[in-house]
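Order-wise, the sequence lines are chains A and B. Using the working numbering, the letters of the first sequence correspond one by one to residues 275 to 442. Using the working numbering, the letters of the second sequence correspond one by one to residues 13 to 324. Virtual Cβ for every residue (Gly too), placed ideally from N, Cα, C.
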Amino acid sequence: MSLLSKIVTWARIKSPWIIHFNSGACNACDIEIVASLTPRFDIERFGIILKGTPRHADVLVCSGPVTRQIKDRLIRIYEQMPEPKFVVAVGTCSCSGGVFQGCYNVCGGIDTVIPVSAYIPGCPASPAAIIDGVAKLLGSLQGKKPGEKADIEAIERKLLEAEITTNG
Amino acid sequence: MSALSVILVFLGYFLLLSFLGTAAEYIDRKLYARMQNRIGPPWFQPYADLIKLAAKEDLIPEEANSAMFKFMPVLAMTAVLTAYLHIPLWNSTPLISFNGSIIVIVYLLTIPTLTFFLGGWHSTSLYSMIGAVRTLTQLFAYEVPLLLAVLSPAVLAHTWSIADMSEFYSNNPLYALTNSIGFLVALVALQGKLERVPFDMPEAETEIVGGTFTEYSGRLLAMFRLAIDMEVIVGASLIAAVFLPFGLHFGLVIGVILYLIKILFILLLLALLRTVTARLRIEQMVVFCWKYLAPAALAQIFISLTLNWIVK
Ligand code: SF4
């Protein structure tokens, strides 16, 4: 990598601006996403800012399965984002369709419609998992391999352990 | 001055101002975060944002007037920079000084607002048009109080040149204290000019997506952001020069330190104002500016006139 592209990659990792899009979630995942934006988790530490318009955003954070109604809108939002762009699927539904899999009005997970860079499972995914997932995605920009399935299971296990230790 | 030296001076001021501007953005965001009991962004955050935006794709909407769309960010930056050349920094002599410079500064600072309007208008997106119209509506609300507040010290100093004004007030520092109402009015109006909370209706992302900048992306958005960062410094320098003209005769080093302290103080007040308030509606803002801010500025002018009359 030349110096310039190194600097650009560094800047991309340090300043991911996100836009949140609900593609048919039951709202629980959205609440968790909004919770992870609150001062308690302080994601501005990592340079993450929530933007209202897809033109400013680098990361599209989707929640929920893609319904037939929302499919065209999702594609349009995705195409309005300037390159380079990434998609993060939050929640089991957006990873695979989840409990809505096979419903007459559902296309399936986000990756049936647009390419997805990171999957964050959980029903709903907890704020810690969401922040971890976005951090993993950014780490993969540096040339590291993106998180494999086993990785996600490890996160879940870690989270579960943390929950057990905090809740007794 | 030859053409080359003009270009070099302009370039030097550009680098200085962009450095100060990005530093101001960091300080503002950090203060805001600390006041919300957060840790806040690291020191390099503004640079990371700008570099990332510069490396992104530039999207220009098909419907937009692409010449105007591309030209507006450049114009905003140029106008802010030109205003900076007229403001005294660590002593009482700015780079360019003439009688009437204070009015020129205020009007040069109006140009960025107009570019936000024109940029939003020529994006031909619904959200950016609403944002653009709000920008102009706001302009008519805060501009008059700002102008009145900045001009009332000039009434007392009997000059329209900002250099002579700083000279007058640094020789008679007690007079500067009579301008404290004007100082507060100018601070609030500056907050409106910079389109920050509570006056950020033009880019209220919870109601109109991204306001005037909805369609801007990549390099053009980076330029607009840099222009706004610079405007913070220019506005703060203007207020510091007009209302806090203390310690201008102690040479370069102490002068620069004092200048930075004054800017930091104004930034602190602006960040505090941003933290303790929530966004107003556009008509609440107009009512607030005309009902309370403009009369306060008039009161300031009245005080200056009365003092003038007593002293004579
Ligand atoms: S993963 Fe669970 S919480 Fe999230 S949208 Fe699907 S059903 Fe709702």
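I need the DSSP call for A/Gly382, collapsed to helix, strand or coil. strand
Cutoff 8 Å: B/Lys82 Cβ touching any chain A Cβ: no
If you run the structure through DSSP and keep just helix, strand and coil, what is B/Trp321? helix
Alpha carbon of B/Leu232 to alpha carbon of B/Gly131, nearest angstrom: 10 Å
Compute the Euclidean distance between the alpha carbons of B/Ile220 and B/Ala45, then round it to the nearest angstrom. 24 Å
Between the CA atoms of B/Lys274 and B/Glu227 - distance to the nearest angstrom: 36 Å
Assuming A/Leu334 is part of the alpha helix (DSSP H), what are its boundary residues? A/Leu334 -> not in any alpha helix (DSSP H); beta strand (DSSP E) instead, spanning Val333 to Ser337.
Answer with yes or no whether the minimum CB distance from A/His330 to chain B is below 8 Å. yes
By the three-class DSSP mapping on this structure, what secondary structure does A/Ile394 have? strand
So, is the C-beta of A/Glu318 closer than 8 Å to a C-beta in chain B? yes
Residue nearest to B/Phe110 in terms of C-alpha spacing, selected from B/Asn49, B/Tyr154, B/Met141 and B/Ala175: B/Ala175
So does B/Gly52 have its beta carbon nearer than 7 Å to some heavy atom of ligand 1? no
Give the secondary structure of A/Asn296 by DSSP, where H, G and I count as helix, E and B as strand, and everything else as coil. strand
Heavy atom of ligand 1 less than 7 Å from the Cβ of A/Ala302, yes or no? yes
Helix, strand or coil for A/Phe360, going by three-state DSSP, please let me know. strand
Check whether the Cβ of A/Val459 lies closer than 7 Å to any heavy atom of ligand 1, and answer yes or no. Because chain A spans 275 through 442 in this model, residue 459 of chain A falls outside it and cannot be assessed.
Verify the CB distance criterion: does B/Lys68 have a CB-CB separation below 8 Å to chain A? yes
Are three or more beta carbon pairs between the segment 303-317 of chain A and the segment 346-354 of chain A nearer than 8 Å? no
Assign A/Trp291 to one of three DSSP states: helix, strand, or coil. strand
Give me the Cα-Cα distance between A/Gly338 and B/Thr90, rounded to the nearest whole angstrom. 46 Å
Is the Cβ-Cβ distance between A/Ser297 and A/Ile404 less than 8 Å? no
Checking the sheet assignment: what are the DSSP bridge partners for A/Val340? A/Gly382
State buried or exposed for B/Thr224, treating a residue as buried only when at least 16 other CB atoms are found within 10 Å of its CB. buried
Per the DSSP calculation, A/Leu324 is bridged to which residue(s)? A/Ile292
Within 10 angstroms of its Cβ, does A/Val361 collect 16 or more other Cβ (buried), or is it exposed? buried
Contact criterion: CB-CB distance below 8 Å. Does B/Asp40 meet it with respect to chain A? no
Environment of B/Gly24 [buried if 16+ CB atoms lie within 10 Å]: exposed
List the endpoints of the continuous alpha helix (DSSP H) containing B/Tyr38. Ala15 to Met47
Quick one: is A/Arg342 buried, meaning 16 or more other Cβ sit within 10 Å of its Cβ, or exposed? exposed
Considering only the beta carbon of each residue, do B/Phe128 and B/Pro214 sit closer than 8 Å? yes
Please confirm whether B/Pro53 has its beta-carbon closer than 8 Å to some beta-carbon of chain A. yes
Under 8 Å, Cβ to Cβ, is there at least one residue of chain A near B/Asn49? yes
Below 8 Å, can you find three or more Cβ-Cβ pairs linking the segment 143-158 of chain B to the segment 297-306 of chain B? yes
Report back the beta-carbon spacing between B/Tyr38 and B/Ser249 to the nearest angstrom; my notes put them in contact at under 8 Å. Contact flag wrong, Cβ pair sits at about 18 Å.
If you run the structure through DSSP and keep just helix, strand and coil, what is A/Leu348? helix
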